[in-house]
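Step one of this worksheet: look at the structure below.
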Amino acid sequence: MPLINRIMPASQQTTKINIANLAEGTSLADVMTSFSQFGKIMRCSLKQHYNGQDTSVSATVEFLSYTSAVSAVEELDGATADGLCLHVKLVRVVRPPVHIPTKQEAQDGSPLLHRISKRPRA
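Per the UniProt record's numbering, the very first residue in the sequence shown carries number 1; after that it's consecutive.
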């Protein structure tokens with residue numbers, strides 16, 4: 001497979017953000033409703049952390065596009081929800097798995113492979 005076909009265009013990369021300091025009782029539906037205004041959401045998860053009597057709630061949202069994720073961070077980081085200051089951060093760009101060609105596929109499509117010889121083992 002030629003290199004140009006293995007390079008992932010930005011339109012096919014998803015981007016995750018983390019939302020911390022959500023109020024106790026925040027639901028997954030609340031997060032989906034609030035963040036879907038920025039773009040298509042691929043995945044969303046809600047986490048509750050218990051530490052003695054304290055409970056902290058956070059969420060991870062994976063947007064279809066990088067620009068949607070950046071818009072959400074720019075607009076909602078530092079915003080107040082239920083009396084709490086939200087901490088919204090960009091986590092990472094997620095690339096779908098790349099198809100690694102079999103030896104036969106590589107030989108059929110890549111003349112470079114025919115010019116490479118393996119080093120002898122010591």
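By construction, the Cβ of each residue, glycine as well, lies at the ideal position given by its N, Cα and C atoms.
Three-state class that DSSP yields for Thr65 in the structure shown: First, the residue type needs correcting, since residue 65 is Ser and not Thr in the sequence shown. In the structure shown, Ser65 sits in coil (DSSP, three-state: anything other than H, G, I, E or B).
Other residues of its chain near Asp82: CB distance less than 7 Å, five sequence neighbours each side excluded: Ala23
Selection from Leu28, Asn21, Met42 and Asp30 that minimises the alpha carbon distance to Ala69: Met42
C-alpha gap between Thr80 and Asn21, whole angstroms: 10 Å
Identity of the residue in Val61, Phe38, Gly78 and Asp54 nearest Ala72 by Cα: Phe38
Backbone secondary structure at Ala29 - three-state DSSP: helix
Beta-carbon proximity list for Ser65, same chain, < 6 Å, skipping 5 on both sides: Gly39
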